[in-house]
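Protein chains in written order, with my numbering: chain Z, 1 to 684; chain U, 685 to 1040.
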Amino acid sequence: MKKYILFLTVSLVCNSFLLAQKVSSKEWSTKGFTLKEITVLGERPMKEIGAQLTKFDSVVLKENIALSMADVLTFSSPIFVKSYGRATLSTVSFRGTSPSHTQVTWNGMKINNPMLGMTDFSMIPSYFIDDASLLHGTSSVNETGGGLGGAVKMSTVPAQNEGFGVQYVQGVGSFKTFDEFLRLTYGSEKWQMSTRAVLSSSPNEYEYKNHDKKENIYDEDMNIVGQYYPVENNRSGSYKDFHFLQEVYYNTGKGDRFGFNAWYINSNRELPMLTTDYGEEMDFDNRQREHTFRSILSWDHFRSNWKLSAKGGYINTWMAYDYKRDVGNGNMAHMTRSRSKINTFYGQAESEYFIGKKWLFTANVAVHQHFVESQDKNIILQEGGKGIVGYNKARVELSSSVSAKYRPTDNIGLSFVLREDMYGEDFTPLIPAFFIDEVISKKGNITAKASVSRNFRFPTLNDLYFLPGGNPNLKKESGITYDAGISFAVAKENRYTLNGSLNWFDSYINDWILWLPTTKGFFSPKNIKDVHAYGIETQWDYSVLITQRLKFDLNATYSWTPSINEGEPISAADQSVGKQLPYVPHHSATITGRLSWNSWSFIYKWCYYSERFTMSSNDISLTGRLPEYYMNNITVEKGVSFKFADISIKGSVNNLFDEEYLSVLSRPMPGINFEIFLGITPKF
Amino acid sequence: MVKNIIKLVLLSFILLMPSCMEWDYGLEESFDMSSSGEGLFICNEGNFQYGNATLSYYDPQSKVVQNEVFYRSNAMKLGDVCQSMVIRDGIGWVVVNNSHVIFAIDINTFKEVGRITNLTSPRYIHFLSDEKAYVTQIWDNRIFIVNPKKLEITGYIDVPNMTMESGSTEQMVQYGKYVYVNCWSYQNRIIKIDTETDKVVDELTVGIQPTSLVMDCNNKLWTVTDGGYEGSPYGHEAPSLYRIDAETFKVEKQFKFDFGDWPSEVQLNGTKDKIYWLNDDVWEMDVNADRVPVRPFLPYNGTLYYGLTVCPHTGDVYVADAVDYVQQGKVYRYSKDKVLLDEFYVGIIPGAFCWK
């Protein structure tokens, strides 16, 4: 019983405390490697009954300071990341859905932009995330509503250090890229404090051959006498991002923990010019700036068979978009000047109660109150004087759930979740979700899982109120998802571990919201499509200790994601019914291999996306083609331990084979590029 | 075991090595449309910020359409948002709005013969001579003066009471030495430019957001307003069709539509004695009529028409359906007797036409 309680306490309550700490290079070389234990029968957390989860290893999250969560998702998950360029907007398509169908939480607080619904993963440095997991499809109902594709759950955890600690990493890379990371920690029996800062900047002028345009050579009479595809730099693509994260945790040692997390972002990014842009770079300034502050106060109260926690948070976001051109003598005049301010207040209460080994009851209520002020355009009114095109709205978003989880035998687990969401004054019907898992064979820990849930997604504030075009009459999207899968895990102590899973999913989403142009020259959203998204996801992990000093890890994912428009034709000419949604690949795959030898490590990352259609009719045109692409990155790292400090030297090569590729039309990605990182962890 | 791992790593390299995406270079195709008499260019806007605008060419006699002719002929993209096109002396001038460029192409081979670059956000081009043309803009309070022969910007016309941010000048028609321009986005006026001084000399207030401008056989200007939109700080009103005398620059007639209607795309037939426009249905009206017809020329068929043109030779009416705006649009060709003669798919968001 004690062992069981200990396990529950660890896995359900203080799960994050167990985050693997990076051992020093000295420990690597003297102690050798160990293999993490695999999940075995009786140790499957009740909170995860029937759930399809992908957990990211901390090694993946902390590979290097230049990575964003967009990079992590690209190379370590079956999610499709649609990237508009290096350090540029990166959105995700989870199981063939749109970016706003993926709910994103940070320490429990939803961080999807309430105006747009989506999250820009390029704005989340992976070094700021200690624990991240994907909740596929139905499994997201355990965490939040609205995740018709799923949810990305990210959190920070106490560093678990004793005394003072310092870590500093400097990165220098291609395209005059500089990355700096500093972490200060302090830990005692009851206190854990951490301060992290990341500063990344680059003119980002990577070179590419522009296949979309030609330069002309003229004679004196302005006749074209020659043409060639120019080699251009990524124009107007510079960025300077600063992130600061402060955490303070206090553990009473008597079952209470208090936490404070504050994350500040200051981002200044130019928006790169298209490959088909014939404007002079110096004559235009196209820039997006963002200041965001997120903070959370938390209290967790643990007892042997129950837990209570409460959180309060606040988000302030200021975003500016400026598009200017030189009107002579370097005088830059605004073509577009838009500003938006978002204030979000957040509160959450959660409780868990165990009855013996077999029952777990949970209850959760979360509220987000948004205040949005959007100023999109400045105009001159008919009667003279200035006017602002924009909107000023507030909306409360309430999401609550209760669940009962039952494990009648060691082999079977059942879970039933009821969720209710309210946005503004609009309630969803009760959202039920049912999960079941069963250990089919103890040999190999073969476990079958299945789940089913309804789900709803409300229109975003821009969907409803954006001027011009917002449509306050939009209905919420609704969906139903079925999941089934099988997993296994085998291991030989201190020799190897192998686990894998294969899942099938089937989702129907009705009243899909699409923004369509109007005859008035602007876009307006409508409930249009019914979408059937289905497919297969599989994931494999293999670790082997070849010798005590040589270890090999391999992680592979693959997903097949048809996402089919099954709505009614919009008009007689509509050729999109029965076709794959644009910008959703049928196939995606990733492989990450890591070879570790003493204090050396070698990482090989590979990902593949099949061709994406750019038309809803799935026609492939000469001007609208996005061929499949493969990406290969490698990293070599060497750790050295001195008396005064541990030093790590790391070199990364991205786009190893210097591929020319596009994730989005007219937005070229960088070719081969390099970055060197030097890290120092002083010893006190 | 170590050897096996090394083998595995090497094998992985071998498997992953041939991993190059094919971002193809286009192949230049040869076209010669000089034998076809009339021909219709269709400007397909493409999706804003995706650079997938295209140009289609339709031969009304053979009923054959060629899509992506600019790309196929030049092995490069047309750009981002193809807004309009005009033809002068065998050269087609294709205005590509968000690429800040106007391409000059041979109208028989579709080969580029030149380009004017670094425009702010060009919408339409109007020729005054071989060496002088005006280019209207959105997000700029200036109309650009260009030299088409030298392919360069030579000057600007400042439009009064307009900032860069609220700048919007659109279609141009000429009467004598004056060029008239409708100012559309968050505007309500037609301006009059003296082409000798390149100055705005007069303006006429109409309704909210006049979308298009043509001049009929009686030298009357026609424009239609869209009335703004609900919630607009600029106002929202019932749209109207206006007949304006070019000589006196005064409104002669105002035809009011219902509040909430969305009329657009005023066009003329070849003899310029009939005007056409879209308002869910396709409408036709004699330029001397005193009231709007009760029944449309072509009734609404469940889709939102996006583009409209009338053949200057035969009077056939062409309407474009942009469908869901992320697939090939479709053009329907009707005779002046309302008989469907042909239908064909073109590029994404067919918005403007140009007759050869």
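For glycine and all other residues, C-beta sits at the position ideal for the given N, C-alpha and C.
Task: Candidates U/Glu921, U/Gly798, U/Pro947, U/Lys904: closest to Z/Met222 by CA position - done: Taking the first residue of the first sequence as position 1, residue 222 of chain Z is located at position 222. The residue with the shortest Cα to Cα distance from Z/Met222 is U/Gly798.
- [ ] Given a cut-off of 8 Å, decide if Z/Phe354 and Z/Trp299 are closer than it, judged by their beta-carbon atoms.
- [x] Mapped onto the first sequence, residue 299 of chain Z falls at position 299. Mapped onto the first sequence, residue 354 of chain Z falls at position 354. Not in contact: Z/Trp299 and Z/Phe354 (Cβ atoms no closer than 8 Å).
- [ ] Please state whether DSSP places Z/Lys307 in a helix, a strand or coil.
- [x] Within the first sequence, residue 307 of chain Z is the residue found at index 307, counting from 1. Strand at Z/Lys307.
TODO: Have a look at U/Tyr989 and U/Phe981 and give me their C-alpha separation to the nearest angstrom.
DONE: What you label residue 989 of chain U is simply residue 305 of the second sequence in a count that begins at 1. What you label residue 981 of chain U is simply residue 297 of the second sequence in a count that begins at 1. Those two C-alpha atoms are separated by around 14 Å.
Open item on the list: My output table needs one value for Z/Phe674: the three-state DSSP class, helix, strand or coil.
Closed with: Reading the first sequence from its first residue, position 674 is the one you call residue 674 of chain Z. Strand at Z/Phe674.
Task: Interface partners of U/Gln917 on chain Z, CB under 9 Å - done: By 1-based counting over the second sequence, the position of residue 917 of chain U is 233. It is Pro, not Gln, that sits at residue 917 of chain U in the sequence shown. Correct list: Ile379, Leu381, Gly387, Ile388, Val389, Gly390, Leu467.
- [ ] Out of U/Asp842, U/Leu888, U/Glu854, U/Asn903, state which residue places its alpha-carbon closest to the alpha-carbon of U/Thr881.
- [x] Numbered from 1 along the second sequence, position 197 holds the residue referred to as residue 881 of chain U. Comparing Cα positions, the closest option is U/Asp842.
TODO: Evaluate the contact criterion for the stretch 804-814 of chain U versus the stretch 771-791 of chain U: three or more CB pairs, one atom per stretch, below 8 Å.
DONE: yes
Task: Proximity to Z/Tyr250 [Cα-Cα], best of Z/Met193, Z/Lys214, Z/Arg294, Z/Ile265 - done: Taking the first sequence and counting its residues from 1, the one referred to as residue 250 of chain Z is at position 250. When only C-alpha atoms are compared, the closest one is Z/Met193.
Open item on the list: In the DSSP assignment, the alpha helix (DSSP H) including Z/Met335 goes from what residue to what residue?
Closed with: Against the first sequence, residue 335 of chain Z aligns to sequence position 335. Looking at the DSSP string, Z/Met335 is not in any alpha helix (DSSP H); the run it does join, the beta strand (DSSP E), is 332-355.
Task: Secondary structure of Z/Lys683, DSSP reduced to three states - done: Position 683 of the first sequence, counted from the first residue, corresponds to residue 683 of chain Z. Residue state, collapsed to three classes: coil.
- [ ] Could you give the DSSP three-state label for U/Thr738: helix, strand or coil?
- [x] Taking the first residue of the second sequence as 1, we reach residue 738 of chain U at position 54. Strand at U/Thr738.
Task: Local conformation of Z/Leu73 per DSSP, three classes - done: Here residue 73 of chain Z refers to the residue found at position 73 when the first sequence is read from its first residue. If DSSP states are grouped into helix, strand and coil, Z/Leu73 belongs with the helices.
Task: Alpha-carbon to alpha-carbon, Z/Ala433 and Z/Phe260 - done: The residue labelled residue 260 of chain Z in the question sits at position 260 within the first sequence. The residue labelled residue 433 of chain Z in the question sits at position 433 within the first sequence. Cα-Cα distance, rounded: 32 Å.
Task: Cβ pair count under 8 Å reaching 3, the stretch 505-523 of chain Z against the stretch 468-475 of chain Z - done: yes
Task: Contact check, Z/Asn565 vs Z/Phe175, beta carbons under 8 Å - done: Locating residue 565 of chain Z in the first sequence gives position 565, where the first residue counts as 1. Locating residue 175 of chain Z in the first sequence gives position 175, where the first residue counts as 1. The answer is no: Cβ separation not under 8 Å.
Task: CB-CB length for Z/Gly187 against Z/Gly163, believed under 8 Å - done: Locating residue 187 of chain Z in the first sequence gives position 187, where the first residue counts as 1. Locating residue 163 of chain Z in the first sequence gives position 163, where the first residue counts as 1. Z/Gly187 to Z/Gly163, Cβ: 7 Å. Contact.
Task: Boundaries (first-last residue) of the alpha helix (DSSP H) holding U/Phe754 - done: In the second sequence, counting from the first residue as 1, residue 754 of chain U sits at position 70. Start and end: 753-758.
Task: Buried/exposed call for U/Cys901, threshold 16 Cβ in 10 Å - done: The sequence position of residue 901 of chain U within the second sequence is 217, counting from 1. Result: exposed.
Open item on the list: So that I know if they touch, is there some Cβ in chain U lying closer than 8 Å to that of Z/Lys492?
Closed with: For the purposes of this step, residue 492 of chain Z is identified with residue 492 of the first sequence, where counting begins at 1. No, because no Cβ of chain U sits closer than 8 Å to the Cβ of Z/Lys492.
Task: Simplified DSSP state of U/Val819, which is helix, strand or coil - done: On the second sequence, position 135 is the one that residue 819 of chain U refers to. If DSSP states are grouped into helix, strand and coil, U/Val819 belongs with the strands.
Open item on the list: Can you tell me where the beta strand (DSSP E) holding U/Asp929 begins and where it ends?
Closed with: Counting from one through the second sequence, the residue named residue 929 of chain U turns up at place 245. That run of the beta strand (DSSP E) goes 924-929.
TODO: Would you decide whether U/Ser746 is buried or exposed? Buried here means 16 or more other CB atoms lie within 10 Å of its CB.
DONE: Residue numbering aside, residue 746 of chain U sits at position 62 when the second sequence is read from its first letter. So U/Ser746 counts as exposed.
- [ ] Specify the secondary structure class of Z/Met46 as computed by DSSP and reduced to three states.
- [x] By one-based count along the first sequence, residue 46 of chain Z stands at place 46. Z/Met46 falls in the helix class under three-state DSSP.
- [ ] Using the Cα positions of Z/Thr681 and Z/Met282, report the straight-line distance between them to the nearest angstrom.
- [x] As a working note, residue 681 of chain Z is residue 681 in the first sequence. As a working note, residue 282 of chain Z is residue 282 in the first sequence. If I take the Cα positions, the gap works out to 42 Å.
- [ ] Give a yes or no on whether the C-beta atoms belonging to Z/Arg457 and Z/Ser100 are separated by under 8 Å.
- [x] Numbered from its first residue, the first sequence carries residue 457 of chain Z at position 457. Numbered from its first residue, the first sequence carries residue 100 of chain Z at position 100. For Z/Arg457 and Z/Ser100, yes; Cβs fall inside 8 Å.
Task: Contacting residues, own chain, Cβ-Cβ under 7 Å from Z/Gly42 (five flanking each side not counted) - done: Taking the first residue of the first sequence as position 1, residue 42 of chain Z is located at position 42. Residue placement at Z/Gly42 is flagged as unreliable, the pLDDT there being 44, under the threshold of 50; the coordinate-derived value follows with that caveat. Asp410.
Task: Where Z/Val141 falls: helix, strand or coil (DSSP) - done: Indexing the first sequence from 1 puts residue 141 of chain Z at position 141. Three-state DSSP puts Z/Val141 in a helix.
Open item on the list: Which residue wins for smallest C-alpha separation from U/Met846, given the options Z/Ser403, Z/Ile379, Z/Gln539?
Closed with: Taking the first residue of the second sequence as position 1, residue 846 of chain U is located at position 162. Of Z/Ser403, Z/Ile379, Z/Gln539, the residue nearest in Cα terms is Z/Ile379.
Open item on the list: Output needed in chain order: residues of the stretch 843-857 of chain U with a Cβ under 9 Å from some Cβ in chain Z.
Closed with: Asn845, Met846, Thr847, Met848, Glu849, Ser850, Gly851
- [ ] Determine, using beta carbons only, whether U/Leu1024 comes closer than 8 Å to chain B.
- [x] Within the model displayed, chain B is absent; protein chains Z and U are what it includes.
Open item on the list: Since U/Val884 and U/Ile875 should fall inside the 8 Å C-beta cutoff, what is the C-beta to C-beta distance between them, to a whole number of angstroms?
Closed with: If you number the second sequence from 1, residue 884 of chain U lands on position 200. If you number the second sequence from 1, residue 875 of chain U lands on position 191. Contact holds; Cβ gap of about 5 Å.
TODO: May I ask you to verify whether the stretch 418-433 of chain Z touches the stretch 106-115 of chain Z, counting CB pairs closer than 8 Å and requiring at least 3?
DONE: no
Open item on the list: Let me make sure I understand the geometry here. Which of Z/Asp437, Z/Tyr264, Z/Glu205, Z/Gly479 has the alpha-carbon closest to that of Z/Ala51?
Closed with: The residue labelled residue 51 of chain Z in the question sits at position 51 within the first sequence. Among Z/Asp437, Z/Tyr264, Z/Glu205, Z/Gly479, the Cα nearest to that of Z/Ala51 belongs to Z/Asp437.
- [ ] Would you list, in sequence order, the uninterrupted beta strand (DSSP E) runs of no fewer than 3 residues that lie entirely inside the stretch 580-650 of chain Z?
- [x] 587-597, 600-609, 629-641
Open item on the list: Going by DSSP in three states, U/Ser703 sits in which element: helix, strand or coil?
Closed with: Along the second sequence, read from residue 1 onward, the residue named residue 703 of chain U stands at position 19. Confidence in U/Ser703 is poor, its pLDDT being 49 and thus under 50, which makes the residue's placement unreliable; the coordinate value appears in the next sentence. Looking at U/Ser703 - three-state DSSP - the assignment turns out to be coil, as it is neither helix nor strand.
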